[in-house]
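Protein chains in written order, with the numbering used here: chain A, 1 to 280; chain B, 281 to 560. The next block holds one structure in the form of structure tokens; read it before the comments.
2 protein chains.
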Amino acid sequence: MSKLLLDGKRVAEVIQNGLKDRISQLKSKNVTPCLATILVGDDPSSETYVKMKGNACERNGIKSLKIHLPTETTTEELLEVIQTLNHDDYVHGILLQHPVPAHIDERKAFDYISTKKDVDGVTSAGYGQTALGFGQYPSCTPAAIMKVLEFYNIAAEGKLAVVIGRSPILGKPVSALLLNENATVITCHSKTVNLPELVRQADIVVAAVGKPKFVQGTWIKEGAVVIDAGYNKGNIGDVDYEACLGQASAITPVPGGIGPVTISMLLKHTVDAAEAAVTE
Amino acid sequence: MSKLLLDGKRVAEVIQNGLKDRISQLKSKNVTPCLATILVGDDPSSETYVKMKGNACERNGIKSLKIHLPTETTTEELLEVIQTLNHDDYVHGILLQHPVPAHIDERKAFDYISTKKDVDGVTSAGYGQTALGFGQYPSCTPAAIMKVLEFYNIAAEGKLAVVIGRSPILGKPVSALLLNENATVITCHSKTVNLPELVRQADIVVAAVGKPKFVQGTWIKEGAVVIDAGYNKGNIGDVDYEACLGQASAITPVPGGIGPVTISMLLKHTVDAAEAAVTE
Numbered sequence: 001m002s003k004l005l006l007d008g009k010r011v012a013e014v015i016q017n018g019l020k021d022r023i024s025q026l027k028s029k030n031v032t033p034c035l036a037t038i039l040v041g042d043d044p045s046s047e048t049y050v051k052m053k054g055n056a057c058e059r060n061g062i063k064s065l066k067i068h069l070p071t072e073t074t075t076e077e078l079l080e081v082i083q084t085l086n087h088d089d090y091v092h093g094i095l096l097q098h099p100v101p102a103h104i105d106e107r108k109a110f111d112y113i114s115t116k117k118d119v120d121g122v123t124s125a126g127y128g129q130t131a132l133g134f135g136q137y138p139s140c141t142p143a144a145i146m147k148v149l150e151f152y153n154i155a156a157e158g159k160l161a162v163v164i165g166r167s168p169i170l171g172k173p174v175s176a177l178l179l180n181e182n183a184t185v186i187t188c189h190s191k192t193v194n195l196p197e198l199v200r201q202a203d204i205v206v207a208a209v210g211k212p213k214f215v216q217g218t219w220i221k222e223g224a225v226v227i228d229a230g231y232n233k234g235n236i237g238d239v240d241y242e243a244c245l246g247q248a249s250a251i252t253p254v255p256g257g258i259g260p261v262t263i264s265m266l267l268k269h270t271v272d273a274a275e276a277a278v279t280e
Numbered sequence: 281m282s283k284l285l286l287d288g289k290r291v292a293e294v295i296q297n298g299l300k301d302r303i304s305q306l307k308s309k310n311v312t313p314c315l316a317t318i319l320v321g322d323d324p325s326s327e328t329y330v331k332m333k334g335n336a337c338e339r340n341g342i343k344s345l346k347i348h349l350p351t352e353t354t355t356e357e358l359l360e361v362i363q364t365l366n367h368d369d370y371v372h373g374i375l376l377q378h379p380v381p382a383h384i385d386e387r388k389a390f391d392y393i394s395t396k397k398d399v400d401g402v403t404s405a406g407y408g409q410t411a412l413g414f415g416q417y418p419s420c421t422p423a424a425i426m427k428v429l430e431f432y433n434i435a436a437e438g439k440l441a442v443v444i445g446r447s448p449i450l451g452k453p454v455s456a457l458l459l460n461e462n463a464t465v466i467t468c469h470s471k472t473v474n475l476p477e478l479v480r481q482a483d484i485v486v487a488a489v490g491k492p493k494f495v496q497g498t499w500i501k502e503g504a505v506v507i508d509a510g511y512n513k514g515n516i517g518d519v520d521y522e523a524c525l526g527q528a529s530a531i532t533p534v535p536g537g538i539g540p541v542t543i544s545m546l547l548k549h550t551v552d553a554a555e556a557a558v559t560e
């Protein structure tokens, strides 16, 4: 059986190349796509993520507006910052880095972001639109997973897809997107009984659970497509890659799988939002 | 094995009895809960449904404001009516009867309803809130299904639930609600391969497909809970009741199952919305 190694870096490159002309077009109209990132507090991993996203913007000709707020920022203060960005015509996308300090109402803050600028796909309204089939900006990791499947011509229709995880920005929206592509979707989680037995039936397995090497080789049906959306400390995914490689017909590595495509989807959504703002 | 016949009329009665005091309280503050129903066109079944809902309101002390628009109403005209109701402090809930005539953008109309008055659970924003776990007014049939399970102490946690159907107001939201109650959820539909095989694994089966007697007795695992959310011409459900009765540990009939509870949830949501408006 030929084995397909799903190369996220290649998919990311193709997406980013596709943005070049669009960004030039926008700039010829004196519009520079702009992503505002909001970081609250001093969590070092969050700082790294935000910096990575900002750098990816700048490398691709997208303006990165970095807002760094102190840990003691209140929910009300954060909402004010978001509101200012909602009304700023130079800003096309807003990303609030998760997690915010515990005293802030994160859900309220997410839902304060205008759906038109919700390029990271965190609002509940945007989630509803995505799940009902007409969302503009699904969360970036689910969007990346669908893009990788599309790039490698892996059809979801009629397939049995098992999603492990049900977070608001990963497990739930990727379940919704797979369902909208006519997969039959099983959403699994920590309370699922007999998880291995369910995974063994899957044509497509999406690991989005946040536990290193959680998905075992013995769980994978021969010929299944294995998508690892996990990213744990030390660059380790949610899938035991070496163990699953033998069974899978196609598999994403970590790093170099879904990760780079996720950032590309964020850039793409920001350009989409800038174009939408121009034609409004 | 003792067989549980899930009696929707009884559940409905309990819900409606629970509303009496709350409605009296509201009236003592000079607030009468009010549901506005909008019917566009002359579809006889839709007329019947709207009348049924209006009568249920009146019987329970809830004001029913019936708005009947001609078939040739445009989307813009419908949006204006909805906007007026959104701003009318005497109106607590708005129900736009589905389906509207084909020339109207139904999704746009649904999404124009204020989430605070979306007691029928049709907006995409409300769906997103429900799916992410904090929705005030899930669609009434999914809410009714969860209420029947709760009433009969049937826990969803850890169970494998198979939902047949993925409509925006039934299959998708009931899948989301079951998932939030820690069931493992398989959402199935017309493109599902080997549906009977999946149903045979289910501890809870929800039929929401709109095809008379679609779910066969041979599909049901012994001891499964069978919920029939279908309602087809001639008072026929989506489940072959007689055939499934032998296998199931609990089952809802049609009529007298989920139907009456659905209307009760609409009344409850209207009272909820009136109370929320008072405390605002």
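Think of the CB as a built atom: it goes at the ideal place given N, C-alpha and C, for glycine as much as any other residue.
Where do the ends of the alpha helix (DSSP H) carrying residue i lie?
i: L286 of chain B; result: L286 of chain B -> no alpha helix (DSSP H), and no H or E assigned at all.
i: A161 of chain A; result: Segment L160 to I164 is the beta strand (DSSP E) holding A161 of chain A; no alpha helix (DSSP H) there.
i: S325 of chain B; result: P324 to R339
i: L359 of chain B; result: T355 to H367
i: A389 of chain B; result: E386 to Y392
Excluding sequence positions up to five away, which residues of its chain have a Cβ less than 7 Å from the Cβ of residue i?
i: G259 of chain A; result: G8 and Y231
i: V193 of chain A; result: none
i: N235 of chain A; result: V254 and P255
i: L19 of chain A; result: N60, L267, K268 and V271
i: S46 of chain A; result: L39 and Q97
i: S455 of chain B; result: V443, V465 and T467
Who are the near neighbours of residue i in its chain, counting only those whose CB is closer than 8 Å to its CB and skipping five residues on each side?
i: G121 of chain A; result: Y127, T130, G135, Y137, P138, S139, C140, P142, A143, I169, P173 and H269
i: T403 of chain B; result: F390, D391, I393 and T395
i: C314 of chain B; result: I342, K343, S344, L345, Y370, V371, H372, G373, T550 and A554
What is the DSSP secondary structure of residue i, counted as helix, strand or coil?
i: L412 of chain B; result: coil
i: I186 of chain A; result: strand
i: I284 of chain A; result: This structure cannot settle anything about residue 284 of chain A, because the visible part of chain A is limited to 1 through 280.
i: G373 of chain B; result: strand
i: D518 of chain B; result: coil
i: V428 of chain B; result: helix
i: N460 of chain B; result: helix
i: V199 of chain A; result: helix
i: A156 of chain A; result: coil
i: N232 of chain A; result: strand
i: I284 of chain A; result: Limits of chain A in this structure are 1 at one end and 280 at the other, which puts residue 284 of chain A out of reach.
i: V551 of chain B; result: helix
i: V541 of chain B; result: helix
i: V402 of chain B; result: coil
i: V495 of chain B; result: strand
i: A243 of chain A; result: helix
i: N310 of chain B; result: coil
i: Y407 of chain B; result: helix
i: A423 of chain B; result: helix
i: E222 of chain A; result: coil
i: V278 of chain A; result: helix
i: L170 of chain A; result: coil
i: K117 of chain A; result: helix
i: N297 of chain B; result: helix
Specify, as a first and last residue, the run of the beta strand (DSSP E) that residue i falls within.
i: S344 of chain B; result: K343 to L349
i: A316 of chain B; result: C314 to V320
i: I507 of chain B; result: V505 to D508
What does a CB cutoff of less than 6 Å around residue i pick up in its chain, not counting 5 residues either side in sequence?
i: L195 of chain A; result: C188
i: T32 of chain A; result: K63
i: G223 of chain A; result: S249
i: T252 of chain A; result: L6, I227, D228 and I258
i: S264 of chain A; result: A12, I15 and Q16
i: K493 of chain B; result: D520
Since residue i and residue j are thought to touch, with beta carbons under 8 Å apart, how far apart are those beta carbons, to the nearest angstrom?
i: L198 of chain A; j: V226 of chain A; result: Going by Cβ atoms, the distance from L198 of chain A to V226 of chain A rounds to 14 Å, so no, they are not a contact pair.
i: G517 of chain B; j: D508 of chain B; result: 4 Å
i: A156 of chain A; j: N182 of chain A; result: 6 Å
i: V91 of chain A; j: L69 of chain A; result: Actually they are not in contact, since the Cβ atoms of V91 of chain A and L69 of chain A sit about 16 Å apart, beyond 8 Å.
i: I186 of chain A; j: V205 of chain A; result: Actually they are not in contact, since the Cβ atoms of I186 of chain A and V205 of chain A sit about 10 Å apart, beyond 8 Å.
i: G93 of chain A; j: A36 of chain A; result: 7 Å
i: A553 of chain B; j: L306 of chain B; result: Incorrect: roughly 11 Å between the Cβ atoms, too far for contact.
Is residue i near the ligand GTP, going by C-beta to nearest heavy atom under 7 Å?
i: E477 of chain B; result: The model depicted lacks the ligand GTP and carries no ligand whatsoever.
The segment 227-246 of chain A contacting the segment 479-493 of chain B, beta-carbon criterion three pairs below 8 Å: Put simply, the segment 227-246 of chain A does not touch the segment 479-493 of chain B. Fewer than three CB pairs are less than 8 Å apart.
contact_flag[the segment 282-296 of chain B, the segment 40-52 of chain A] where n(CB pairs < 8 Å) is 3 or more: The answer is no - the segment 40-52 of chain A does not touch the segment 282-296 of chain B, with fewer than three Cβ pairs under 8 Å.
Given 8 Å as the limit, is there contact between the segment 101-112 of chain A and the segment 374-386 of chain B, that is, 3 or more CB pairs closer than that? Judged by Cβ distances under 8 Å, the segment 101-112 of chain A makes no contact with the segment 374-386 of chain B, as fewer than three pairs qualify.
So, do the segment 330-341 of chain B and the segment 357-364 of chain B have three or more beta carbon pairs nearer to each other than 8 Å? Contact fails: fewer than three Cβ-Cβ distances are below 8 Å.
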